[in-house]
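Comments concern the structure below.
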Amino acid sequence: MKLQQLLEDIRSGSIFGPISAILYSIEFQKRGLPHVHILVWLDKKGNEITTDIINTWISAEIPDPIKDPLGYILVSEHMMHGPCGEKNWNCPCMKNGRCSKFYPKEFQEETNFTDTGFTLYRRRDTGIYIRRDNHNLDNKWVVPHNIQLLKKYQAHINVEYVNKSKVLKYLCKYVNKGPEQAHIFFEQIKKGQDTPVNEQTKDIDEIKEYLDCRYICEQDALWRLLGYEIHYHWPPVERLQLTYCEFPLKWRWDETNKKWIKRQHGFKIGRLYYVNPAEGERFYLRILLMTVKGATSYADLRTYNGIVYETFKEACAARGLLNDDNEWYNTFEEATKWATPSHLRNLFATINGQNIHNYNLPYRSQCSKVDIHNQLIQEELCYNVQHLEEEANKLYSQLNKDQKVAFHQIVQSVLDNKPKFYFVSGHGGTGKTFLWNTIVSYLRAQKKIVLTVASSGVASLLLPNGRTAHSRFRIPIDIDEMSICDIKRVTKLAKLLIDTSLVIWDEALMTNKQCFEAFDRSLRDIMSESTKEASDIPFGGKVVVLGGDPKQILPVIENGSKSHIISASIVKSYLWKHVTTIYLMDNMRLKRINQNTSEYKEIESFNNWILSVGNGDTKDSTNNDDGSDSVLVQIPEELLIRTTGHKIGALIHYTYPDFQTNFQHPNYLKERAILTTTNEIVDEINDYMINILPNPEREYLSADSISKCSDAVNDANILYPVEYLNTLNANNYPPHKLRLKVGVPIMLLRNLNQSLGLCNGTRLIAEIIIGTHTGEKTYIPRINLTTKASHWPFTLNRRQFPIKVCYSMTINKSQGQTLSNVALSRVTSKKGLKILIENDDGSCGSKTQNIVYKEILQSI
1 MKLQQLLEDI RSGSIFGPIS AILYSIEFQK RGLPHVHILV WLDKKGNEIT
51 TDIINTWISA EIPDPIKDPL GYILVSEHMM HGPCGEKNWN CPCMKNGRCS
101 KFYPKEFQEE TNFTDTGFTL YRRRDTGIYI RRDNHNLDNK WVVPHNIQLL
151 KKYQAHINVE YVNKSKVLKY LCKYVNKGPE QAHIFFEQIK KGQDTPVNEQ
201 TKDIDEIKEY LDCRYICEQD ALWRLLGYEI HYHWPPVERL QLTYCEFPLK
251 WRWDETNKKW IKRQHGFKIG RLYYVNPAEG ERFYLRILLM TVKGATSYAD
301 LRTYNGIVYE TFKEACAARG LLNDDNEWYN TFEEATKWAT PSHLRNLFAT
351 INGQNIHNYN LPYRSQCSKV DIHNQLIQEE LCYNVQHLEE EANKLYSQLN
401 KDQKVAFHQI VQSVLDNKPK FYFVSGHGGT GKTFLWNTIV SYLRAQKKIV
451 LTVASSGVAS LLLPNGRTAH SRFRIPIDID EMSICDIKRV TKLAKLLIDT
501 SLVIWDEALM TNKQCFEAFD RSLRDIMSES TKEASDIPFG GKVVVLGGDP
551 KQILPVIENG SKSHIISASI VKSYLWKHVT TIYLMDNMRL KRINQNTSEY
601 KEIESFNNWI LSVGNGDTKD STNNDDGSDS VLVQIPEELL IRTTGHKIGA
651 LIHYTYPDFQ TNFQHPNYLK ERAILTTTNE IVDEINDYMI NILPNPEREY
701 LSADSISKCS DAVNDANILY PVEYLNTLNA NNYPPHKLRL KVGVPIMLLR
751 NLNQSLGLCN GTRLIAEIII GTHTGEKTYI PRINLTTKAS HWPFTLNRRQ
801 FPIKVCYSMT INKSQGQTLS NVALSRVTSK KGLKILIEND DGSCGSKTQN
851 IVYKEILQSI
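What the sequence shown shows, in full-length UniProt numbering, is residues 1 to 860, in sequence order.
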């Protein structure tokens, strides 16, 4: 009864929220009463499980005996481990001189998700302890538990959170464990012998002396006699011979009448039997059955775009479901019909994705004794000096007081060749990009090499000859505290960095501090070859200028808490103690407007409100009821969208008015976008926009597989079938099913050719619509992309167009974009801003959470 009630509590959602599945197994032990191992799958509904949510579900701390005396007593009685180790070497958990359960744990100020899949729970040093066996046991000895379950059932209930699917192998050995076994010595008396003998060899048969038996204790026998379940799973699984996996979602099989009946309620999942790729046509048939809807015959399955293919494999290839080389031939055959030679060369370089270095072939610097031509340096010096001087003088005359102070400090450091580390802080509209253009024009006119980079692809397009920091400095994607950039001393890039006078890095605050530290270590190494002292100077003695708005996006840490995000910021780096901060305060947008007009007063008021939101000190802010340090900010009524109907429809109506008549106009699309916080909402809005677009739709499916790299799991193709891989989505990764229509704006998800403006975050409609290359045509092929989420036990390969629809985008993706109709710091006027707030009950609200990390603001 207790077990059934526990399952009922879990299924109700009152403990861990909505769930999608339960699996448990009863384990009977020879020495005592039975216990149960339960696996619970949570129904996240697009919401990521954060450390704050884990802290509400699972506790690894002793309750305060004054505030929660019952919790203190129950934890001391049921949820304390040991003591073991030095406190008790005879504890049953001790194996080879150490605790097999790894107690005592270390103190943890915050809950952390590890790369192995296990969770390190919050165990603060609160000073509260429990006395047991003459020892004081603190939070290091607490077994993770749910305090609500503990108080109700008053029993040992260990609750753990799994953040990686590979850990299920570890857990499932419990829920799928076989019966208890015993080895019995069998003595046989035969013809005066007391041991079994092999009849043929007359030798003693030692194997038959023992029997490997199933052991059923009295509790196990009683449980089975009473008809209780040993293994349980919900929802139930029914094995059927299906050729259409979605069919059982709506229909059920009536065994009595032998027919399908439409389902009235309930939840079922259909799945086709696994087929090994070595089985040929049967394997390709399964792929088509999982992809093609409404097929009535095998011929229908083999038909695509009106062509009936001879084999299932050919049909799969035509749909783009296979990773074969024929796709490249078809791509070039199609492109040669209308592409120019220049376009074809760029297309070839994009598809190839390799260089001669990867094949150990000699390149020019190896073939010649003296490398007198460094293309990278030539590119940074081949500017029209006269034009740059004129442009620099023109831009300098327009600088305000703060900008001139920044200009002279930075330029003088470069001209004096003095090591310096600057951070230019300024909110949106203070003219950071204008300052960069002025400095770059002036120094390049002096024949100085200036490298301009940004943290996002779109922000880099706004800089003269800008690149993303990762591509320019070859910063590793998977980075840690010991990483360095992939730059060797003798390479052309190293020589370019040696000759560089200034590095400008825009939108720096959204980059993890480990990227700057990796760049610092690399510069010290490169510069120390010629100057020994460079190894002890930040950035090897180079002048480095970072820029950004401290009120905007900080580094994104997956499932990270506030402390994790702050810790990853550049202000917490060892480099920050060397920084000189320069502040830009004046709003350049206001300077262009007559101060006596109503427009000036409106924009000034709007700008002040934006600043107060960024600082977290709006007059009408209230504390949040959830106990966090964030506040609720009151949004002015004229900025709100209020509706009792469809929320997304109302949001689109305000952002994209007269959409049906303007959906193909680039200028209409490039100045407006809908910003949200999560990719799930972005996808929902983009799907809605595609559905209301009048043009016919084309669907492009990806070819997915598991990478055969060193971390690949055994039998990965069996454990993770293709249809499962198709359902996976990762951050900044194209979907398996890409829906497009003529006129749909798209966003590029990879850096294809930054010199042509094709970088991560570029928005296009068959031709580029933002940046310095606006209006140029380009050709984007399907390419092979790889990614690995932290909770995946494998690396996913996906061949797909590196794009996604972008009527809506995440706030992070908007960095560097200036739009007329969007949200807060990215918008240029109050008229272009509309905000829709949905309360928990589905109604439209007027207050929203404003998360401001004062620690960052105080450090700058």
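Positions of the beta carbon are idealized from the N, C-alpha and C atoms, including for glycine. None of these values were measured; they are calculated from a predicted model.
{"Check": "Is residue 862 buried or exposed, if buried means 16 or more other CB atoms sit within 10 Å of its CB?", "Outcome": "Coverage of the chain is limited to positions 1 through 860, which leaves residue 862 absent and any answer about it impossible."}
{"Check": "Would you identify the three-state DSSP class for Val405, choosing helix, strand or coil?", "Outcome": "helix"}
{"Check": "Apart from the five residues on each side of it in sequence, which residues of its chain come closer than 8 Å, Cβ to Cβ, to Met585?", "Outcome": "Asp402, Gly426 and Thr430"}
{"Check": "So, under 8 Å CB-CB, Val75 and Ile62 are touching, yes? Tell me the CB distance rounded to an integer number of Å.", "Outcome": "6 Å"}
{"Check": "Closer than 8 Å is the cut-off here; do at least three beta carbon pairs connect the region 409-427 with the region 536-550?", "Outcome": "yes"}
{"Check": "Okay, do the region 452-460 and the region 469-479 touch, 3+ Cβ pairs below 8 Å being the bar?", "Outcome": "yes"}
{"Check": "For Thr644, I'd like the list of residues in its chain whose CB is within less than 6 Å of its CB, leaving aside the five on either flank, ordered along the chain.", "Outcome": "none"}
{"Check": "Identify every run of the beta strand (DSSP E) within the region 619-692, keeping only runs that are complete inside it and at least 3 residues long; order them along the chain.", "Outcome": "631-634 and 674-676"}
{"Check": "What does a CB cutoff of less than 6 Å around Lys847 pick up in its chain, not counting 5 residues either side in sequence?", "Outcome": "Leu632 and Gln634"}
{"Check": "So what's Val292 in DSSP terms, helix, strand or just coil?", "Outcome": "coil"}
{"Check": "With DSSP as the reference, label Trp253 as helix, strand or coil.", "Outcome": "strand"}
{"Check": "Tell me the start and end of each unbroken beta strand (DSSP E) in the region 373-456 that is at least 3 residues and wholly inside, in chain order.", "Outcome": "420-426 and 449-454"}
{"Check": "Go ahead and pull the three-state DSSP assignment for Gly82.", "Outcome": "coil"}
{"Check": "Would Arg521 and Ile479 be called neighbours here (beta carbons separated by less than 7 Å)?", "Outcome": "no"}
{"Check": "Could you name the residues of the same chain whose beta carbon sits closer than 8 Å to that of Asn615, not counting the 5 residues immediately before and after it, in chain order?", "Outcome": "Lys551, Val852 and Leu857"}
{"Check": "Are the C-beta atoms of Trp234 and some chain C residue less than 7 Å apart?", "Outcome": "Although the question refers to chain C, the structure presented lacks it and comprises just one protein chain."}
{"Check": "Locate the alpha helix (DSSP H) running through Ile565, then write down its first and last residues.", "Outcome": "Lys562 to Ser567"}
{"Check": "Quick one: Cα of Met747 to Cα of Glu86, how far?", "Outcome": "59 Å"}
{"Check": "Measuring only the C-alpha atoms, how far is Lys250 from Glu281?", "Outcome": "29 Å"}
{"Check": "Asn838: which of Ile261, Glu380 and Ile641 sits nearest, CA to CA?", "Outcome": "Note that residue 838 is Glu in the sequence shown, not Asn. Comparing Cα positions, the closest option is Ile641."}
{"Check": "Start and end of the alpha helix (DSSP H) containing Ser522?", "Outcome": "Lys513 to Met527"}
{"Check": "Count the other CB atoms within 10 Å of the CB of Arg263; is the residue buried (16 or more) or exposed (fewer)?", "Outcome": "exposed"}
{"Check": "Helix, strand or coil, according to DSSP, for Cys316 in the structure here?", "Outcome": "helix"}
{"Check": "Please confirm whether Ser814 and Ile674 have their CB atoms less than 7 Å apart.", "Outcome": "no"}
{"Check": "Quick one: what's Ser59 bridged to in DSSP?", "Outcome": "His145"}
{"Check": "In the DSSP assignment, find the unbroken beta strand (DSSP E) run with Ile783 in it and report its ends.", "Outcome": "Ile783 to Thr787"}
{"Check": "Just curious, the alpha helix (DSSP H) that His37 is in, first and last residue?", "Outcome": "That residue, His37, is in no alpha helix (DSSP H); its beta strand (DSSP E) goes His35 to Leu42."}
{"Check": "Quick one: what's residue 869 bridged to in DSSP?", "Outcome": "Given that the chain is displayed from residue 1 to residue 860, the structure contains no residue 869 and the question cannot be resolved."}
{"Check": "Less than 6 Å between C-beta atoms, sequence neighbours within five positions excluded: which residues of the same chain meet that for Glu389?", "Outcome": "Ala445"}
{"Check": "Nearest CA to the CA of Tyr600: which residue from Phe659, Lys830 and Glu558?", "Outcome": "Lys830"}
{"Check": "Is it true that the region 77-93 meets the region 136-150, where meeting means three or more beta-carbon pairs spaced less than 8 Å apart?", "Outcome": "yes"}
{"Check": "Select from Leu836, Ile10 and Tyr24 the residue whose C-alpha is nearest the C-alpha of Pro18.", "Outcome": "Ile10"}
{"Check": "Would you identify the three-state DSSP class for Leu554, choosing helix, strand or coil?", "Outcome": "coil"}
{"Check": "Thinking C-beta only, is Lys313 closer than 7 Å to Tyr284?", "Outcome": "yes"}
{"Check": "Of all the options Pro34, Asn512 and Leu3, which has the alpha carbon lying nearest to the alpha carbon of Thr22?", "Outcome": "Note on identity: in this sequence residue 22 is Ile, with Thr being the wrong assignment. For the residues Pro34, Asn512 and Leu3, the minimum Cα distance to Ile22 belongs to Leu3."}
{"Check": "Alpha helix (DSSP H) containing Gly547: first to last residue?", "Outcome": "Segment Val543 to Gly548 is the beta strand (DSSP E) holding Gly547; no alpha helix (DSSP H) there."}
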